[in-house]
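> Chains as they are written, first to last, in our numbering: chain H, 45 to 238; chain V, 45 to 238. The structure under discussion is supplied below as structure tokens; questions concerning it will follow.
Number of protein chains: 2
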Amino acid sequence: MERVSLALLHYPVRQGGRTITSSITNFDIHDLARLAATYGLGAFYLVHPDEGMRALATEFVSHWFDGAGRLFNPDRTAALEKLRIVRMLDEAIADIEKREGERPFILATSATERPKTLSGEQVAGLGARPLLVLFGTADGISEELDDIIDGYAEPIDPGTGYNHLSVRSAASIFVDRLHSCKYKPLPFLRNEGV
Amino acid sequence: MERVSLALLHYPVRQGGRTITSSITNFDIHDLARLAATYGLGAFYLVHPDEGMRALATEFVSHWFDGAGRLFNPDRTAALEKLRIVRMLDEAIADIEKREGERPFILATSATERPKTLSGEQVAGLGARPLLVLFGTADGISEELDDIIDGYAEPIDPGTGYNHLSVRSAASIFVDRLHSCKYKPLPFLRNEGV
Numbered sequence: 045m046e047r048v049s050l051a052l053l054h055y056p057v058r059q060g061g062r063t064i065t066s067s068i069t070n071f072d073i074h075d076l077a078r079l080a081a082t083y084g085l086g087a088f089y090l091v092h093p094d095e096g097m098r099a100l101a102t103e104f105v106s107h108w109f110d111g112a113g114r115l116f117n118p119d120r121t122a123a124l125e126k127l128r129i130v131r132m133l134d135e136a137i138a139d140i141e142k143r144e145g146e147r148p149f150i151l152a153t154s155a156t157e158r159p160k161t162l163s164g165e166q167v168a169g170l171g172a173r174p175l176l177v178l179f180g181t182a183d184g185i186s187e188e189l190d191d192i193i194d195g196y197a198e199p200i201d202p203g204t205g206y207n208h209l210s211v212r213s214a215a216s217i218f219v220d221r222l223h224s225c226k227y228k229p230l231p232f233l234r235n236e237g238v
Numbered sequence: 045m046e047r048v049s050l051a052l053l054h055y056p057v058r059q060g061g062r063t064i065t066s067s068i069t070n071f072d073i074h075d076l077a078r079l080a081a082t083y084g085l086g087a088f089y090l091v092h093p094d095e096g097m098r099a100l101a102t103e104f105v106s107h108w109f110d111g112a113g114r115l116f117n118p119d120r121t122a123a124l125e126k127l128r129i130v131r132m133l134d135e136a137i138a139d140i141e142k143r144e145g146e147r148p149f150i151l152a153t154s155a156t157e158r159p160k161t162l163s164g165e166q167v168a169g170l171g172a173r174p175l176l177v178l179f180g181t182a183d184g185i186s187e188e189l190d191d192i193i194d195g196y197a198e199p200i201d202p203g204t205g206y207n208h209l210s211v212r213s214a215a216s217i218f219v220d221r222l223h224s225c226k227y228k229p230l231p232f233l234r235n236e237g238v
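Right under this line is the structure:
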């Protein structure tokens, strides 16, 4: 699945009805890098507009490249090779374009229905085009990005009335469903009820 | 899926070829409680033999019941209502037996093949029997529990040669696959290649 990449956005995201910038969470970095490595994705972009936050993330991660982490757990180092820390979504898109020779389809995810929602079949039908899957921190991706987003995936919603997965859980489930869809011609984002 | 429960084990688990007791990770508590609430599971048992560790977890969680957390994010409080902090796996089993009137099938998970591995069809075939799904922290569940375990699920392994998901990711993917299997008669733990 090397033509699929993930981007985790910290701006512009929603919280309490407003657009905010969220902080970086170290567990997100590790869990999503391990996910990207396990499923053989192209890259995992950690997107944050603040230079200080990006520097902090870079410092955390350096433990696994230059510090004792590489000796303690080389598997973690291998996973973090998937990580690219960037300032804006545009940088992630440009990086994929350079690598793949083609602009990726920008597929956003959300816990609630959004405009431009694609069915599982439609996502499966994107075929071999590079795919960049966006995940929002806080309460999700702000509408301000709707112009750059090509489509939203159907929410992961088992239908219990409670739908508050962590972004780590949602990204894991989404990539696993995407992986299944890639190898059989089935929709992978059905709402199946409970 | 209220007849399915999760248990996260901190002892006996493996690390570096030995059986150890691991520490509690606060992110595991929140991510697995949110997962249990989103999929409507019966309960999420956090299993730790050490009284001090259990007290620490109880204190962390109290922020969401007695502290400001309930006002700040009542959805988190709702998720944490799924949490039961227990000393040993036996306590989790006894609690389910009391609630369901029947001993649950003890299904363990592992990143590597183990004896007593069930196919997806076999797990689907367990039908309406209560199910307790075990996840190990550190490098996974120790063989010492094999006597109490009724079977292992097939590893989640996309086949890239790298297979090091966080327990948060693995539990999320497993529950989502279980949810799919519950509503269509398909194996949910196929190894589909990459």
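Every residue gets a Cβ at the ideal spot worked out from N, C-alpha and C, and that includes glycine.
(1) For a test of the three-state rule: what should DSSP assign to alanine 99 (chain H), helix, strand or coil?
(2) Determine, using beta carbons only, whether isoleucine 268 (chain H) and leucine 133 (chain H) come nearer to each other than 8 Å.
(3) Are at least three pairs of beta-carbons, each pair with one atom in the segment 142-159 of chain H and one in the segment 193-201 of chain H, less than 8 Å apart?
(4) Smallest Cα separation from arginine 58 (chain V): which of V:Thr181, V:Thr204, V:Leu222?
(5) What are the complete alpha helix (DSSP H) segments, minimum 4 residues, inside the segment 163-205 of chain V?
(6) Should alanine 87 (chain H) be flagged as near chain V, meaning a C-beta pair shorter than 8 Å?
(7) When you compare the CB positions of arginine 249 (chain V) and glutamate 141 (chain V), do they come within less than 8 Å of one another, or not?
(8) In its own chain, which residues sit with a C-beta less than 7 Å from the C-beta of alanine 81 (chain V), not counting the 5 before and 5 after it?
(9) Leaving aside the five residues before and after arginine 98 (chain H) along the sequence, list all residues of the same chain whose C-beta is less than 6 Å from its C-beta, in chain order.
(10) Count the other CB atoms within 10 Å of the CB of alanine 138 (chain H); is the residue buried (16 or more) or exposed (fewer)?
(11) Indicate whether at least one CB of chain H lies closer than 8 Å to the CB of phenylalanine 116 (chain V).
(12) Mind checking if aspartate 183 (chain H) is an interface residue toward chain V, Cβ cutoff 8 Å exclusive?
(13) Chain H beta carbons: is any one of them nearer than 8 Å to that of leucine 79 (chain V)?
(14) When Cβ atoms are compared, which residues of the segment 153-169 of chain V fall closer than 9 Å to chain H?
(15) For a test of the three-state rule: what should DSSP assign to arginine 58 (chain H), helix, strand or coil?
(16) Thinking leucine 85 (chain H) and serine 49 (chain H) are a contact (beta carbons under 8 Å), I'd like their distance in whole angstroms, please.
(17) Since isoleucine 217 (chain V) meets chain H, which of its residues come closer than 8 Å, beta carbon to beta carbon?
(18) Taking buried to mean at least 16 other C-beta atoms within 10 Å of its own C-beta, is serine 106 (chain V) buried or exposed?
(19) Could one say the Cβ of alanine 172 (chain H) lies closer than 8 Å to chain V's Cβ atoms, at least one of them?
(20) Ignore the nearest five residues each way along the sequence and tell me which others in alanine 215 (chain H)'s own chain have a CB closer than 7 Å to its CB.
(21) Kindly indicate which residue of H:Leu189, H:Ile185, H:Leu90, H:Gly169 has the alpha-carbon position closest to the one of isoleucine 73 (chain H).
(22) With DSSP collapsed to three states, give me the class of phenylalanine 116 (chain H).
(23) Taking the alpha carbon of asparagine 207 (chain V) as the point to measure from, which residue in V:Ala168, V:Glu157, V:Gly111 has its own alpha carbon closest?
(24) Keeping to the same chain, check which residues put their C-beta closer than 7 Å to that of alanine 83 (chain V); ignore five residues upstream and five downstream.
(25) If I'm right that threonine 63 (chain H) touches aspartate 94 (chain H) with Cβ under 8 Å, what's the distance once you round it to whole angstroms?
(26) Can you give the beta carbon distance from alanine 136 (chain V) to leucine 176 (chain V), rounded, assuming they're within the 8 Å contact cut?
(27) Figure out for me which residue from H:Arg173, H:Ala172, H:Arg212, H:Ala168 has the closest Cα to the Cα of glutamate 198 (chain H).
(28) Could you give the distance in angstroms between the alpha-carbon of glycine 205 (chain H) and the alpha-carbon of isoleucine 217 (chain H)?
(29) Of the choices H:Glu146, H:Lys160, H:Asp183, whose alpha-carbon is the least far from that of alanine 172 (chain H)?
(30) Taking threonine 204 (chain V) as the query, report the chain H residues whose CB atoms sit under 9 Å from its CB, ordered along the chain.
(31) With 16 as the cutoff for other CB atoms within 10 Å, does leucine 52 (chain H) come out buried or exposed?
(32) Do leucine 189 (chain H) and isoleucine 200 (chain H) have their beta-carbon atoms positioned less than 8 Å apart in this structure?
(33) When DSSP labels each residue in this structure, what does alanine 77 (chain H) get in the three-state scheme?
(34) If contacts are defined as beta-carbon pairs under 8 Å, then arginine 212 (chain V) and arginine 212 (chain H) qualify, I think. What distance do you get, rounded to the angstrom?
Quick look at the numbers:
(1) Here the question's residue 99 (chain H) lines up with position 55 in the first sequence. Correct three-state label for alanine 99 (chain H): helix.
(2) Since the displayed chain H opens at 45 and closes at 238, residue 268 (chain H) lies outside it and no answer follows.
(3) yes
(4) On the second sequence, position 14 is the one that residue 58 (chain V) refers to. Closest by alpha carbon: V:Thr181.
(5) 164-168
(6) Here residue 87 (chain H) refers to the residue found at position 43 when the first sequence is read from its first residue. Alanine 87 (chain H) does not count as touching chain V.
(7) For chain V, the structure presents residues 45 to 238; residue 249 (chain V) sits outside this window and is missing.
(8) Along the second sequence, read from residue 1 onward, the residue named residue 81 (chain V) stands at position 37. Only Ala122, Ala123, Lys126 meet the Cβ criterion.
(9) By 1-based counting over the first sequence, the position of residue 98 (chain H) is 54. Excluding sequence neighbours, arginine 98 (chain H) sits near His92, Ile129.
(10) Position 94 of the first sequence holds residue 138 (chain H). Exposed, since its Cβ has fewer than 16 Cβ neighbours within 10 Å.
(11) If you number the second sequence from 1, residue 116 (chain V) lands on position 72. No, phenylalanine 116 (chain V) does not count as interfacial toward chain H.
(12) Here residue 183 (chain H) corresponds to residue number 139 of the first sequence, with the count starting at 1. No, aspartate 183 (chain H) lies away from the interface with chain V (no Cβ there is under 8 Å from its Cβ).
(13) The sequence position of residue 79 (chain V) within the second sequence is 35, counting from 1. Answer yes: the Cβ-Cβ gap between leucine 79 (chain V) and chain H drops below 8 Å somewhere.
(14) none
(15) Here residue 58 (chain H) is taken as the residue at index 14 of the first sequence, counted from 1. Here arginine 58 (chain H) sits in strand by DSSP.
(16) Position 41 of the first sequence holds residue 85 (chain H). Position 5 of the first sequence holds residue 49 (chain H). Indeed, because the Cβ distance is near 6 Å, the residues count as touching under 8 Å.
(17) Sequence index remark: in the second sequence, residue 217 (chain V) carries index 173 (1-based). Here the neighbours are Ser216, Ile217, Asp220.
(18) For the purposes of this step, residue 106 (chain V) is identified with residue 62 of the second sequence, where counting begins at 1. That one is exposed.
(19) In the first sequence, residue 172 (chain H) corresponds to position 128, counting from 1. Answer no: the Cβ-Cβ gap between alanine 172 (chain H) and chain V never drops below 8 Å.
(20) Taking the first residue of the first sequence as position 1, residue 215 (chain H) is located at position 171. Excluding positions up to five away in sequence, the list reads Leu50, Leu76, Leu79, Phe179.
(21) The residue labelled residue 73 (chain H) in the question sits at position 29 within the first sequence. Of H:Leu189, H:Ile185, H:Leu90, H:Gly169, the residue nearest in Cα terms is H:Leu90.
(22) What you label residue 116 (chain H) is simply residue 72 of the first sequence in a count that begins at 1. Helix.
(23) Stepping through the second sequence from its first residue, residue 207 (chain V) is reached at position 163. Comparing Cα positions, the closest option is V:Glu157.
(24) One-based indexing of the second sequence puts residue 83 (chain V) at position 39. This sequence places tyrosine at residue 83 (chain V); alanine is not what is there. For tyrosine 83 (chain V), where only same-chain residues beyond five positions count, the Cβ hits under 7 Å are Met45, Val219, His223.
(25) On the first sequence, position 19 is the one that residue 63 (chain H) refers to. On the first sequence, position 50 is the one that residue 94 (chain H) refers to. Rounded, the Cβ-Cβ distance is 15 Å, inconsistent with contact.
(26) Position 92 of the second sequence, counted from the first residue, corresponds to residue 136 (chain V). Position 132 of the second sequence, counted from the first residue, corresponds to residue 176 (chain V). Alanine 136 (chain V) to leucine 176 (chain V), Cβ: 7 Å. Contact.
(27) Position 154 of the first sequence, counted from the first residue, corresponds to residue 198 (chain H). With distances taken between Cα atoms, glutamate 198 (chain H) lies closest to H:Ala168.
(28) To locate residue 205 (chain H), count along the first sequence from 1; it is residue 161. To locate residue 217 (chain H), count along the first sequence from 1; it is residue 173. Whole-angstrom Cα-Cα distance: 18 Å.
(29) Along the first sequence, one-based indexing puts residue 172 (chain H) at 128. Checking every option, the nearest Cα to that of alanine 172 (chain H) belongs to H:Glu146.
(30) If you number the second sequence from 1, residue 204 (chain V) lands on position 160. Chain H residues near threonine 204 (chain V): Met45, Ala81, Thr82, Tyr83, Gly84.
(31) For the purposes of this step, residue 52 (chain H) is taken as residue 8 along the first sequence, with counting starting at 1. Buried: at least 16 other Cβ atoms inside 10 Å.
(32) Here residue 200 (chain H) refers to the residue found at position 156 when the first sequence is read from its first residue. Here residue 189 (chain H) refers to the residue found at position 145 when the first sequence is read from its first residue. No, they are not a contact pair.
(33) For this step, residue 77 (chain H) is matched to residue 33 along the first sequence. The answer is helix: DSSP assigns alanine 77 (chain H) an H, G or I state.
(34) Here the question's residue 212 (chain V) lines up with position 168 in the second sequence. Here the question's residue 212 (chain H) lines up with position 168 in the first sequence. The pair is a contact, with the Cβ atoms about 5 Å apart (cut-off 8 Å).
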